[in-house]
Amino acid sequence: MDPVPGTFHNREANVGLQANSVNITGGVTINGADTADSAASVTLAAASQNEKEIRVLGALHKSIEKNRKDRNPDRVPGTCEWFTTHQTFQDWKSSPSSKILWVSADPGSGKSVLAKYLVDSILPSTEARTTCYFFFKDDFEGQGSAVTAICCILYQLFSKKRTLLSKEIIERFEIAGEGFSSNFTELWNAFIFAIKDNSAGEVVCILDALDECKGNERSELIGKLQKLYRETNESNIKFLVTSRPIFEIRNGLHHQEIPESSLIHLSGESEAEILKISREIGIFIKARVEGIGEKAGLTRAERRMLLGKLTSVKNRTYLWVYLTLNLIESDPRMNIGISENRIQNITSHLPTTVNEAYERILSSSRDLGEAKLLLKILIAAARPLELREMRLAMQLAAGDNYRSYKGLGMIMGQSEQRIRDYIRDLCGLFVVVIESAVYLIHQTAKEFLVSNDRSGADQRAGQSLEWRSSLHVGDCHLVLFYACARHLFFAEFESDPLNAEGSVSGYCEKYVFLEYSANHWAAHLRSSRVNLVGGEAEWILGLCDATSKRCMTWFRVYWAGTNTNFPSGATTLIIASYFGLLNVVKLLLKSRSDERAGINGVDGEYGRSALSWAVENGFDNVSKALLKVPRWKGISAVVKRKAKVNIVDAYGRTPLTYAVWGRHIAVIKQLLGAGARMDLEDDVGGTPISYAICSGSDDVIKQLLKRADGVDSRERGLITGELLRSASEKGREDVVELLLGAGNIDIDSRSPGGWTALMESVRCGHYRVALLLISNGANMETADDDGWTPLMWVARTGDERMVRLLLESNANIEAKDSDDTEAADELSMTPLVYAMELRYESLARLLINSGANLEATDLYGMTPLAFAVRWGSWKLAELLLDKGADFRATDCNGCTLLHHAASVNGKKIFSRLLAKLQGADIEVTDEEGFTPLFKAVDANKHRHDVDGVRALTKKGASTKTSIIRGEPYSLLYRAIDTGNLYLVQLLLDRGADIEERGKSGPTPLFYALRKPNLHLAILPALLRRGAKREVKGAKGQTLVACVEFDTDSGRLMIPGGLSHDTVKVRDEPGGPWATKSIHDIEASDYL
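The sequence shown finishes on residue 1087 if you use the UniProt record's numbering, and the numbering steps up by one all the way, no holes.
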């Protein structure tokens, strides 16, 4: 498949009981009915966890269909016993420790049948053992992949034991998203994490035909197995690997890094084992002969003759037997007048090797040319083609002049059975059809056909017609390229195009072979190593014409596989450069039409030029052409230009940045030679030189610095740390992953202010980046210069999802924001306290349920419970009480819960709190002398409701004057200050003394006279209640309020010309009266 474009375009259960009441002695009464809310929370949490697990399993399940165990036949009774009874196998099977058993044998020895038998019958999963398996086959898309193998093994493991799908693995899945199931390292790490779980038990992994795993992935898998068995392994994980005895596997598994005690090699190619296998092949032959005899009606003598002929061949294998017996069965002479003489004739020239059998099968084809065409397509195909896809590909590869699906009516209308029969007639047993997909019968079939020498293959094919080594891989790719390209020119893709809103999968279902041709045509062209010139290059240019609906159709189908946003506005040159189509690029550059060339044009999604796309994919020939000034005669000066080497995209990245990321040395040299700058910063502050240093690749660094040791480790650490923090702050997950993947990076490096990358990501709310950093070992307890940890930062922002991530990753829930260790216990605050102080109720609930200290306080001694009460949040307060929060705790001013409740003066919070705190002292005072009732009255300065006061006075709270800060203070004074008539009346109703004086001396009536604009409501109420208009001072002075209350009219009466605050004053008994304003009299004169 085409390489995808680089870094950016790679394709809780605790149930709480609620306290019904808490009495003054601290006793708790449990109300079991109130557990419903907790149970509901548990149910929701469990559902959420289950949804996450299903998403992971769904991603892994996509690979299950590629695990074709049942493609292999069942064993014949009496076979495979050479292995199952072998002491080496029995020792491995019964070993209590982790071991790897490598079973090697030559091709056709029945290794895959054996592996299937082991999975199904000898080592099936039990309660104590989980058996996982994967059968490699290099002729099936993904079935030759180690990535697919680990996907399948993980799916089997988690399906058997769901508990092994831990939150850590789910976190990694959430980070990587769809990339999780395509990343070998991610998958292997998940596997290791799972098998190390205490509940994993014995895990057996059977890997069949490791030699058919793709070379680079096979090396990586063997490396992981080396590491697994090199390290101390507390888990009981047993691998059984079958393969041919090839050098790479032998050298890798016998590597000195795997202790001898952990590796067992059972060699099926040793003389003793070959003899045992040969005997079992004899059993297999006998069983097959009996089957043929029953089917063909052979006599006993004829069966013995056939058996004797077959068993007389030396070095026979299961594959040879299968092929040879099928040749015999398909011989027409077996069906007409069968006799011993005829059997003698049929078996007189049996093939003595598998290759001879292959040669006979193909030589009997009814159309050698079409057979060769079909085999070329099979060899080059990136994945097995379905029957209808194969039929269409063969028609197109043959050069037939089809321009649309309409012209293929008869061919496309053929039934699958007819196509199946057609293929069998061409290639016989050499090709098999399984579940409507076409395959070569065996890995050795491909090896038989393919030659690495193109001229040699052509010569042999032309002279001797021998099939062995008759096909060259490049020619095979060229055949399939033409089939794909001709298909993409079908008229339907222009007349019925795929638009931006259309379903790619639905569209591909409508048009057979489109998914394949769109995704692989360019890769086949490159793999053919043929340079199209002249008219053929112009032909492919038409396929890349970005202004055509046809091009946009196949390009959208292709891009859907990258799982990234479509690069809308991509030019023809961008498309040709992206796919590395050099001659098409050259045609465009020669064109006089500036619109066609658009050498520095960019796409509308990423803002990237043709050069940028080409260098990311490592196409140095294309980048060279783009950077070269054209010298063709007759080309105008406007068109005669080269690509801008320092052009920046939407992320601020230059082509050199992408080349460095991809470690494309040849491209890096070209760009530097063309003047590429190494110091241009992208949106996270990264430069090509800094990325080169971060990569850790001496070859890349050498190109940019001209010496491998040009940057010391300290300078490299500063650069990588700064880049990592900048990328984390901006949420650039791709850059963070790139830097972490380069290795040798201090993930907890700090800025001058002490900030780490994790702090930057959580502070800015970049969840996936934070998850990525945590999963790679970022320290969650590192504090900045002010003593703030990541959890402290995120608690201040109220980001519940981020807090949950940190808590699930075992961040210290009691972290405090102080760098002064001596003062930490006194001055600093925990995340829960911050959440309460900032009124993040949902976040606070999460922290409480996660076990946060309920008695932590802020700088003023406020506990979470005090905050909840002050907020008026009864549900949160009740949760805290149920969790055991101390309801007796007071803050630094001595305020109790009732004081805090009084501050909000809410009826619900007061009534419920009073009911909860049965027997609580409602006359308790804080350090200044305020009772809860005083606080409730005082709260009415801002809130005009009296629910709190009503609740307290109903419980008997005293309305008498209190000593505040050492001085007497009238409760009515406080009520009058609020201007709340209902509050004054309520206090009077509850027994407040209408003549009681406070510190300032006057009675409530005269105190009210001093307040402007209160007379219309409060003065009449006081007078109506009998407040005395005349008061006496300590020295005999007399004051008389001029205002009166007319009971008949119910109105306040003020003598003419006077105001409501006018009083008559007589300084001594019998003295004259003077009329004054109350504001002109010192209140202290009347104490």
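All C-beta atoms in this analysis are idealised placements derived from N, C-alpha and C, irrespective of residue type, glycine included.
Please read these numbers as outputs of a predicted model, since none were measured by experiment.
Setting aside the 5 residues that flank it on each side, V1065 is surrounded in the same chain by L1039, A1074 and K1076, each with a C-beta closer than 6 angstroms to its C-beta; the list follows chain order.
In this structure, P1004 lies away from L1023, with their beta-carbon atoms at least 8 angstroms apart. Straight through space, the alpha carbons of C205 and S809 are spaced by roughly 30 angstroms. Taking a cut-off of 8 angstroms on C-beta distances, the segment 209 to 217 does not touch the segment 72 to 83, as fewer than three cross pairs fall below it. Between M802 and A770, the gap from beta carbon to beta carbon is short of 8 angstroms. Relative to the Cα of N940, the nearest Cα in the group E967, A380, D977 and L913 belongs to D977.
Burial check for H1079: the Cβ neighbour count within 10 Å stays below 16, so the residue is exposed.
Between D799 and G991, the alpha-carbon positions lie close to 50 angstroms from each other.
Take S609, set aside five residues on each side of it, and the residues of its chain with a beta-carbon closer than 6 angstroms to its own are N600, V602 and I647, in chain order. F135 sits in a strand when the DSSP states are folded into three classes.
In the structure shown, M1053 falls within a strand segment according to DSSP collapsed to helix, strand and coil. Looking at A957, T347 and A149, the one whose alpha-carbon comes closest to that of R68 is A149.
Counting C-beta pairs with one atom in each stretch, the segment 157 to 171 and the segment 720 to 736 have fewer than three that are closer than 8 angstroms, which means they do not touch. As computed with DSSP, I100 is found in a beta bridge with F239 and L263.
By the criterion of a C-beta distance shorter than 8 angstroms, M829 is surrounded in its chain by K816, D817, E837, A856, T857, D858 and L859, once the five residues flanking it on both sides are discounted. Counting other Cβ atoms within 10 Å of its Cβ, G409 stays below 16 and is therefore classed as exposed. The three-state reading of DSSP puts E416 in helix, counting H, G and I together. Along the segment 359 to 383, the alpha helix (DSSP H) occurs as fully enclosed runs of 4 or more residues at 368 to 380, listed in sequence order. By the C-beta criterion, the segment 355 to 365 is judged not to be in contact with the segment 376 to 385, since fewer than 3 inter-stretch pairs fall below 8 angstroms. Selection R129, L704, E53 and I693 evaluated against L724 yields I693 as nearest (Cα-Cα). In this chain, the alpha helix (DSSP H) harbouring A939 covers P932 to A939. With a threshold of 16 other beta carbon atoms within 10 Å, D91 falls short and is exposed.
It is roughly 7 angstroms from the alpha-carbon of E290 to the alpha-carbon of R303. Boundaries of the beta strand (DSSP E) around L207: E202 to D208. In the three-state scheme derived from DSSP, where H, G and I count as helix and E and B as strand, F490 is classed as coil. By the C-beta criterion, the segment 471 to 480 is judged not to be in contact with the segment 363 to 371, since fewer than 3 inter-stretch pairs fall below 8 angstroms. Assigned with DSSP and collapsed to three states, A483 falls in helix. Approximately 13 angstroms separates the beta-carbon atoms of L865 and L847; this is outside 8 angstroms, ruling out the contact. Burial check for P332: the Cβ neighbour count within 10 Å stays below 16, so the residue is exposed. Shown here, Y840 sits in coil according to DSSP, grouped into three states, outside any helix or strand. Secondary structure at D734: helix, using DSSP grouped into helix, strand and coil. In chain order, T572, A576, V584, L587 and L588 place their CB closer than 8 angstroms to the CB of L541, counting only its own chain and leaving out the 5 sequence neighbours on each side.
Residue burial annotation: I922 is buried, with at least 16 other C-beta atoms found within 10 angstroms of its C-beta.
For I774, the number of other beta carbons within 10 angstroms of its own is at least 16, and it is reported as buried. Checking the DSSP bridge columns, you'll see H524 has no partner listed. If you look at A287, you'll find it in the alpha helix (DSSP H) that goes E271 to A296.
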